[in-house]
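What follows is a short report on a single structure.
Encoded structure:
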């Protein structure tokens, strides 16, 4: 995986979870009657591939179980799943998103669908156009975005799974589907974003659309992007941000940006990606992305500090004025190291550089951070 833009735990000792059959009840117990639900989310886009290559997941007490159910038992109430157009390995497509959506619904959780509009990773450093769309003119490209979005959401709707949140593009700081929707072609960028939003409105009118940028503490980047989105009439409902504390600066910067966004645009805010390592170790022989024994000064890689950052970041989101801080998602919570389930869809020999930031340890056992996430 090549993504480069990239308090003490409440109950670090309280790692016990409810019995296997109590999934929905356990999740419900963490809700506060009369208050809007705070989204306690987990991106699990790599789960099905991991499972197909033999990943095993365990509760904190060591009992094996279904990863989605374990998340729900611990209080996670929404999952996030990315969609690629035509990936080389056949994962992260409509098929897997529908399966994850069904499993999430059975476990009492909501779904956020994350459209990348690419055959592979899309982030600030790359927004590769899908191969099948390579020869399309701009008008046809907008149609392709609309139809792809509508197709995936239509399949979810037919499966009885209607996601509450839909993300149009992933970390689109520099636009999407380059070069057509690149940052220096603002009207075309807005046209592509609008095509995705229009598809959501037509297929799932109750779903909320999110536009998502990386570098959650970079106020200038967010203001530039969202001023242009508003000026060009993109009909989005909410703002999403990534914030990794070892890449994206101080919590004070995140707080300042989120608070400014709330006042400037008055839209709900979600932190759709964050993470922190629980160890510097490696389980699959493929170099980890984050190897620093102290990724943030004063916070060594450890289960306790992983929990700390979940709470610390959540506190910032919850403090956004007017209740506009709606929730956060831990990125790739279930992506443990399994041979064959690597980051590159075009390279079966690739490994996982993220397993030391999952919410399951190298034996597949739920870490204290999972319970922390579920009790925010």
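Residue numbers (mature numbering (1 follows the signal peptide of the UniProt record, and there is no 0)): -27 to -1, 1 to 349.
Think of the CB as a built atom: it goes at the ideal place given N, C-alpha and C, for glycine as much as any other residue.
Asked                                                                                                                                                : Found
Do you know how far the Cα of residue 59 is from the Cα of residue 119?                                                                              : 16 Å
Quick one: any contact between the stretch 35 to 46 and the stretch 75 to 83, if contact means 3 or more CB pairs under 8 Å?                         : yes
Using DSSP with H/G/I as helix, E/B as strand and the rest coil, what is residue 344?                                                                : helix
Ignore the nearest five residues each way along the sequence and tell me which others in residue -3's own chain have a CB closer than 6 Å to its CB. : Per-residue confidence for residue -3 stands at a pLDDT of 39, beneath the threshold of 50, marking its modelled position as unreliable; the derived number appears in the next sentence. Closer than 6 Å at the Cβ level, and outside the excluded window around residue -3, lies no residue.
Checking the sheet assignment: what are the DSSP bridge partners for residue 88?                                                                     : 56, 141
With 16 as the cutoff for other CB atoms within 10 Å, does residue 281 come out buried or exposed?                                                   : buried
By the 10 Å Cβ neighbour count, where 16 or more other Cβ atoms means buried, how is residue 190 classified, buried or exposed?                      : buried
Of the residues 148, 241, 232, 171, which one's Cα is nearest the Cα of residue 201?                                                                 : 148
Determine the extent of the beta strand (DSSP E) in which residue 302 is found, giving its start and end residues.                                   : 298 to 303
Does the Cβ-Cβ distance between residue 114 and residue 153 come in under 8 Å?                                                                       : yes
Taking buried to mean at least 16 other C-beta atoms within 10 Å of its own C-beta, is residue 104 buried or exposed?                                : exposed
From what residue to what residue does the alpha helix (DSSP H) around residue 200 run?                                                              : 192 to 204
Taking only the alpha-carbon atoms, compute the straight-line gap between residue 247 and residue 75 and give it to the nearest angstrom.            : 25 Å
Would you report the Cα separation of residue 276 and residue 340, rounded to the nearest angstrom?                                                  : 7 Å
Within the chosen definition, does the stretch 128 to 145 reach the stretch 170 to 184 through at least 3 CB pairs nearer than 8 Å?                  : yes
Of all Cβ atoms in chain C, is any one closer than 8 Å to the Cβ of residue 23?                                                                      : In summary, chain C is missing from the structure at hand, where a single protein chain is found.
How close, in whole Å, do the beta carbons of residue 13 and residue 336 come, if the pair is a contact with beta carbons under 8 Å?                 : About 24 Å separates the two Cβ atoms, so there is no contact after all.
Short check: CB of residue 269 to CB of residue 321, under 8 Å?                                                                                      : no
Who pairs with residue 160 in a beta bridge, going by DSSP?                                                                                          : None; residue 160 has no bridge partner.
How would you call residue 328, buried or exposed, if buried means at least 16 neighbouring beta carbons within 10 angstroms?                        : buried
Please state whether the Cβ-Cβ distance between residue 214 and residue 172 is less than 8 Å.                                                        : no
So, under 8 Å CB-CB, residue 234 and residue 242 are touching, yes? Tell me the CB distance rounded to an integer number of Å.                       : 6 Å
Following the continuous alpha helix (DSSP H) through residue 416, name the residue where it begins and the one where it ends.                       : Because residue 416 is not part of the residues shown, which for the chain are -27 to 349, the question remains open.
Given residue 117, which residues of its chain have a CB within under 7 Å of its CB, disregarding the five upstream and five downstream residues?    : 106, 109
Determine the extent of the beta strand (DSSP E) in which residue 121 is found, giving its start and end residues.                                   : Unbroken run through residue 121 is the alpha helix (DSSP H), 111 to 131; no beta strand (DSSP E).
Out of curiosity, what's the CA-to-CA distance linking residue 164 and residue 207?                                                                  : 8 Å
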